[in-house]
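J.: Just so we're aligned, residue 216 is where the first sequence starts under the working numbering, counting upward by one. Every residue gets a Cβ at the ideal spot worked out from N, C-alpha and C, and that includes glycine. Have a look at this one.
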Amino acid sequence: MKTYKHQQIESKWQKIWEEEKLNGVKLKTATKPYYNLMMYPYPSAEGLHVGNVYAFTGSDIHGRFMRMQGYDVFEPIGFDSGGIHSENFAIKMGVHPKQMTNRNIEHFTQQLKMIGNIFDWNHTVDVMNPDYYRWTQWLFIQLFKAGLAYKKKSAVTWCPSCKTTVSDEQTEKKGEKIVCERCKTEIERKYMSQWFFKITDYAQRLLDNTYKLNWPDKVLITQRNWIGKSEGAEVYFKLENYQDIIKVFTTRPDTLHGCTFFCLAPEHPLVINITQEKYKDSVSHYISETNKKTELERKFENKEKTGVFTGSYVINPINNEKIPVWIADYVLMDYGEGAVMGVPAHDKRDFEFAKKFNLAIKPVIRGNNWEFNPDNWNDNYKDEGKIINSTDWNDLQYPYNLKDIIKSLETKKIGKSKTTYKLRDWCISRQRYWGPPIPMIYCPSCAKEGKSWFTSQKSKLKNSTNMVGWYPVPEDQLPVELSEINDYLPDGSGKSPLARHPEFFETTCPVCGGKAQRETDVSDTFLDSSWYFLRYPSTAGGDISRKEASKNAFIPEITKKWLPVSQYCGGAEHSVLHLMYSRFITMALHDLKYLDFEEPFPNFYAHGLIIKDGAKMSKSRGNVVNPDEYIAKFGADVLRLYLSFMGPYKDGGDFRDSGIQGMEKFIHRFFKLFYQIREGEVYLKADISKLEGIRHETIKKVTYGYKNFKYNIIIASIMKYLNFLEDNFTDKPLTEENSKHGLLALKTIVLLIAPIAPHLAEELWQEFQDGKQFNSVHQQKWPDYDEKMITNEEVIIVIQVNGKKRGEIKVVKDKTLDQNYVLAKAKEDEKIKSYLKNQVIKKEIFVKGKLVNFVI
RNA sequence: GCCGAGGUGGCGAAAUUGGUAGACGCGCAUGACUAAGGAUCAUGUGGAGAAAUCCUUGCAGGUUCGAUUCCUGUCCUCGGCACCA
């Protein structure tokens, strides 16, 4: 009797699959392309995490299933090797990031080869390899030339301990303080010159397309909230005694008559100008206090309103009332116009502000079911109502007459309809070392003459962001290689370590030939990952030559054939960042005529998170599960089975050792049963109709499970099938048909389990082959099922009395549709008789093939 | 505060979407095999009850012949966003 030895089986098949080139796909000649993508990992020094294994095997199971559906499945994997994360770890270990990254990638590759995925190792990416990032730089240049990349001074969060900028996502709240996620140092705020991408130009399209994507709702909703569209109006307020007009955005122009004060963000460009002498001290003091706080603090602090009076007034254009202008930090400069028309009666924040500073409050809406009450604030101000105290607007209805109101503003030339988004431009500059250098050159002498790339090209694009002096690196000079410097530590100057290396930044102007400087910032790691899926099929290897791969970021014919991605799997934590950026980049490339599709991932599935003992795995908790251990002890197939059995793929789960042993037991049991039947030690005794019934039912359930990422029910159905077979053993052959069916049952199970336990399935599949020519289980056609075969000759009908199960009867298949027959038979049942005795049946419910219900 | 997901045995969970609640597994209990433990196999396993039977999908209602599934209210738990005018 053979026993299951995973060490031998798994390494054997991994080797054979590689030799037989089973996992690669011929990109050029494949006829049914299916691009199965999973989010590539960051190659950490700790090695592959069991969470990675969960993510990757779940996606691979889908890929393997689709391959058995007849598709040519391309399933690549690569490495997100850039960014601060990698760099900081290298610094901590005292190893150069390049060395560290190469080492980690090697380790990851070795581990990834053990988990049994159908990765195509001919096509992989390492985003910090110049072969890759030259195209990241190329991409930057295309966006720059299209007017979608610009440089501007902007506020950033700065960690004085890490000596670097950190993103908002890399900070956390600790008590009243905002600290660096990594070192827990309180962060500061700095103004620095940064490169941005104009993702805001795409806000509306990014929003519209969310209604076309086959993605989980929660991810789409998160993206919609992030884009944050608001429709309303902008209104023009004239400053008293000044020429300036201040624009303000409001979603409630109907409350314009109720505006009793005006508030500017402390950073508003007009503040300095309009502050009256008497108030200069208090205003500048307030501004400097605000500057000390980070933007995050301003947002987190949901406490008392603060602000100061500027001494100036604006005129409310609707009624010419004179209104005081304040500044307050609850007004954010980067939303709307950085100004708020204060309507304290109908906005909670304005109300708090007015209360605190004793400003006038004037109700202008009476709700259908509420009324403004200065002593008892209610949150009904967004409900329906009608306008009051507003001269000719009185009796108009909110929200029904909003459009009319905006029209009347337009007629009077004091405002117009306006849409605003929360989405902000994407800051891609990093003043660090470990990233692709931003491929731009600044020429001071061209700048003096007001020249720029746009003027040199006589471009029609208006240079609204003052990009004088800037030129992209000529494309034939790419990549701008990252110098291999040794002093890559950030020094806290706010400049990249590359700024200390003249041999890197000193260059000549591509237009005038004069002395010029390279940009020393590197780009955000999210730029690397925003297009990696485009690169995979166009990398050299397999049937793609080196020459082809080096000519384009993505080869047009190959891209046309393989993209967009057929199915993308990944964690929901990338809902906004990676998934939004990739959509934006794809849309921009579409507009630049490089791609014929707008959306990179029409189908996205968000898997769950693996936790351990109820908590997120982390080094500090000491509860990190190392997959190597489990693969060594149980094998990849058992681990894959266990991870699949925990629950639906979207839910993740809690990793427990006891559970994994259950899967080991299952494989051993199946292995044993397989050889018992195969060697003719046992036969199946149930009749063929019944055996076929459960076989077809199992195929149906399993297929449903694969299609819906419910891998847990696949395994449950197969186990159930196995239990049934075991219960029907006999040691004597009954008929030839019966003994044949045993083998059919085995073949079916092997096929059904192949995507989840690929090595085991291959091992057993070979028992059916003559051994002359290699014939893989993974190249087989998926088994079909026939609905008609599922119901047996005898069907069990449940009998209910008043909706409660009181018995069941067996009915032959042909009679299940015959209502009279089934009802009559149900009434003959002894148990049912006792329930129906001396009762009047009020109603008889008949559900064909399922149940009858007597209402008494 | 707002948005989202979810509450089913001791635990992970099923129920193909209004039709037998708890499939499948873990754990546990008893027994067999063992010198013994492990492994394996067999049986049992939502609760109450001697039993017939009754109760049971967070809680309270509603619709229905019939509700884990639909509706209303309510209470928890976990994620995400957070002064967005």
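1) Quick one: give me the first and last residue of the alpha helix (DSSP H) that Gln-352 is part of.
2) Taking DSSP's pairing of strands, which residues face His-1075 in a bridge?
3) Determine the direct distance from the alpha carbon of His-311 to that of Tyr-864, and round the result to whole angstroms.
4) Alpha carbon to alpha carbon, how far is Asn-767 from Arg-349? Give it in angstroms, no decimals.
5) With 16 other CB atoms within 10 Å as the buried threshold, where does Gln-267 fall?
6) How would you label Met-308, buried or exposed, when you count the other beta carbons within 10 angstroms and need 16 or more for buried?
7) If you draw a straight line from the C-alpha of Gln-223 to the C-alpha of Glu-941, how long is it?
8) For Thr-505, count neighbouring Cβ atoms within 10 angstroms of its own Cβ and tell me buried if that reaches 16, exposed if not.
9) So what does Arg-733 bridge to, in DSSP terms?
10) Identify which residue in Thr-475, Gly-877, Ala-714 has its Cα closest to the Cα of Asn-573.
11) To the nearest angstrom, report how far apart Ile-933 and Lys-915 are at their CA atoms.
12) Counting only runs that start and end within the stretch 956-1034, where is the beta strand (DSSP E) found for 3 or more residues in a row?
13) Go to Ala-803, then tell me how far its alpha helix (DSSP H) extends in each direction, as first and last residue.
14) Going residue by residue through the stretch 530-569, where are the continuous beta strand (DSSP E) segments of at least 3 residues, counting only ones entirely within it?
15) What are the start and end residues of each continuous beta strand (DSSP E) run of 3 or more residues lying completely inside the stretch 422-472, in chain order?
16) Apply the 10 Å Cβ neighbour rule to Ile-1064 and answer buried if 16 or more other Cβ atoms are within range, or exposed otherwise.
17) Classify Ala-960 as buried or exposed, calling it buried when 16 or more other Cβ atoms lie within 10 Å of its own Cβ.
18) Return yes when the Cβ of Val-1026 is within less than 8 Å of the Cβ of Glu-1008, no when it is not.
19) For Arg-893, name the three-state secondary structure that DSSP assigns.
20) Roughly how many angstroms separate the alpha carbons of Glu-446 and Gly-298, rounded to a whole number?
21) Roughly how many angstroms separate the alpha carbons of Lys-1003 and Lys-905, rounded to a whole number?
22) Would you call the CB atoms of Val-1016 and Ile-1071 closer than 8 Å?
23) What separation, rounded to the nearest whole angstrom, lies between the Cα atoms of Ala-662 and Gly-729?
24) Relative to the C-alpha of Leu-713, which residue among Val-726, Gly-707, Ser-698, Thr-722 is closest?
25) Report the rounded CA-to-CA distance for Ile-966 versus Thr-339, giving the unit in angstroms.
26) Let me know the alpha helix (DSSP H) ranges lying completely inside the stretch 661-717, each 4 residues or longer, listed in chain order.
27) Report the partner residues of Met-832 according to the DSSP bridge assignment.
28) Only counting the same chain, and skipping five residues up and downstream in sequence, which positions put a Cβ closer than 8 Å to that of Lys-420?
29) Taking 8 Å as the cut-off, does the stretch 772-782 touch the stretch 236-252 (at least 3 CB pairs, one atom from each stretch)?
30) Starting from the Cα of Lys-563, find the closest Cα among Leu-327, Leu-1066, Asn-591, Lys-618 and give me that residue.
31) Once DSSP output is grouped into helix, strand and coil, what is the label at Val-1037?
32) For a minimum of 3 consecutive residues, which ranges assigned as the beta strand (DSSP E) are wholly contained in the stretch 622-653?
33) Taking DSSP's pairing of strands, which residues face Val-1070 in a bridge?
34) Can you list, in chain order, the residues of its chain with a C-beta nearer than 8 Å to that of Thr-774? Leave out the 5 residues immediately preceding and following it.
35) When the Cβ atoms of the stretch 407-421 are set against those of the stretch 367-376, are three or more pairs found closer than 8 Å?
36) Assuming the contact rule is C-beta atoms closer than 8 Å, Ser-738 and Arg-645 should be a hit. Round their C-beta distance to whole Å, please.
T.: Short version:
1) The sequence position of residue 352 within the first sequence is 137, counting from 1. Per DSSP, Gln-352 belongs to the alpha helix (DSSP H) from 345-360.
2) Residue 1075 cannot be examined here, being either before or after the span of the chain that is shown, 216 to 1071.
3) Walking along the first sequence from the start, residue 864 turns up at place 649. Walking along the first sequence from the start, residue 311 turns up at place 96. So the two alpha carbons sit approximately 38 Å from each other.
4) Taking the first sequence and counting its residues from 1, the one referred to as residue 349 is at position 134. Taking the first sequence and counting its residues from 1, the one referred to as residue 767 is at position 552. Each residue's Cα considered, the two are about 10 Å apart.
5) Translated into the one-based positions of the first sequence, residue 267 becomes position 52. Here residue 267 turns out to be Asn, not Gln, going by the sequence shown. Label assigned to Asn-267: buried.
6) In the first sequence, counting from the first residue as 1, residue 308 sits at position 93. It counts as exposed.
7) Along the first sequence, one-based indexing puts residue 223 at 8. Along the first sequence, one-based indexing puts residue 941 at 726. Whole-angstrom Cα-Cα distance: 27 Å.
8) Taking the first sequence and counting its residues from 1, one reaches residue 505 at position 290. The residue in question, Thr-505, is buried, as its Cβ has 16 or more Cβ neighbours within 10 Å.
9) As a working note, residue 733 is residue 518 in the first sequence. Looking at the DSSP assignment, Arg-733 forms a beta bridge with Ile-656.
10) By one-based count along the first sequence, residue 573 stands at place 358. The shortest Cα separation from Asn-573 among Thr-475, Gly-877, Ala-714 belongs to Thr-475.
11) Numbered from 1 along the first sequence, position 718 holds the residue referred to as residue 933. Numbered from 1 along the first sequence, position 700 holds the residue referred to as residue 915. If I take the Cα positions, the gap works out to 11 Å.
12) 1009-1016, 1019-1027
13) Counting from 1 along the first sequence, the entry for residue 803 is found at position 588. Here the alpha helix (DSSP H) through Ala-803 covers 792-806.
14) 537-542, 554-557
15) 445-454, 460-465
16) For the purposes of this step, residue 1064 is taken as the residue at position 849 of the first sequence. Residue 1064 is actually Gly in this sequence, not Ile. Its Cβ having fewer than 16 others within 10 Å, Gly-1064 is exposed.
17) Your numbering for residue 960 matches position 745 in the first sequence. Looking at its Cβ environment, which holds 16 or more other Cβ atoms inside 10 Å, Ala-960 is buried.
18) Residue mapping note: residue 1008 aligns to position 793 of the first sequence, counting from 1. Residue mapping note: residue 1026 aligns to position 811 of the first sequence, counting from 1. The answer is no: Cβ separation not under 8 Å.
19) Stepping through the first sequence from its first residue, residue 893 is reached at position 678. The answer is helix: DSSP assigns Arg-893 an H, G or I state.
20) Looking up residue 446 in the first sequence gives position 231. Looking up residue 298 in the first sequence gives position 83. Whole-angstrom Cα-Cα distance: 37 Å.
21) The count along the first sequence starts at 1 and reaches residue 1003 at position 788. The count along the first sequence starts at 1 and reaches residue 905 at position 690. Distance between the alpha carbons of Lys-1003 and Lys-905 is about 12 Å.
22) Against the first sequence, residue 1016 aligns to sequence position 801. Against the first sequence, residue 1071 aligns to sequence position 856. In this structure, Ile-1071 lies closer than 8 Å to Val-1016 by Cβ.
23) Indexing the first sequence from 1 puts residue 662 at position 447. Indexing the first sequence from 1 puts residue 729 at position 514. Distance between the alpha carbons of Ala-662 and Gly-729: 12 Å.
24) Numbered from 1 along the first sequence, position 498 holds the residue referred to as residue 713. When each option's Cα is compared against that of Leu-713, the closest is Ser-698.
25) Looking up residue 966 in the first sequence gives position 751. Looking up residue 339 in the first sequence gives position 124. The question names Ile, yet the displayed sequence has Leu at residue 966. Those two C-alpha atoms are separated by around 29 Å.
26) 668-671
27) Counting from one through the first sequence, the residue named residue 832 turns up at place 617. Its beta-bridge partners do not exist; DSSP assigns none.
28) On the first sequence, residue 420 is found 205 positions in, with the first residue counted as 1. The sequence as given places Arg at residue 420; Lys does not occur at that position. Met-802, Glu-813, listed in sequence order.
29) yes
30) The residue labelled residue 563 in the question sits at position 348 within the first sequence. The shortest C-alpha separation from Lys-563 is found at Asn-591.
31) As a position in the first sequence, residue 1037 is number 822, starting the count at 1. In this structure, Val-1037 counts as helix in the three-state DSSP scheme.
32) 630-635
33) Along the first sequence, one-based indexing puts residue 1070 at 855. Answer is Lys-1058, bridged to Val-1070.
34) Along the first sequence, read from residue 1 onward, the residue named residue 774 stands at position 559. Leu-749, Pro-752, Ser-753, Leu-810.
35) yes
36) Residue mapping note: residue 738 aligns to position 523 of the first sequence, counting from 1. Residue mapping note: residue 645 aligns to position 430 of the first sequence, counting from 1. About 7 Å; that satisfies the 8 Å criterion.
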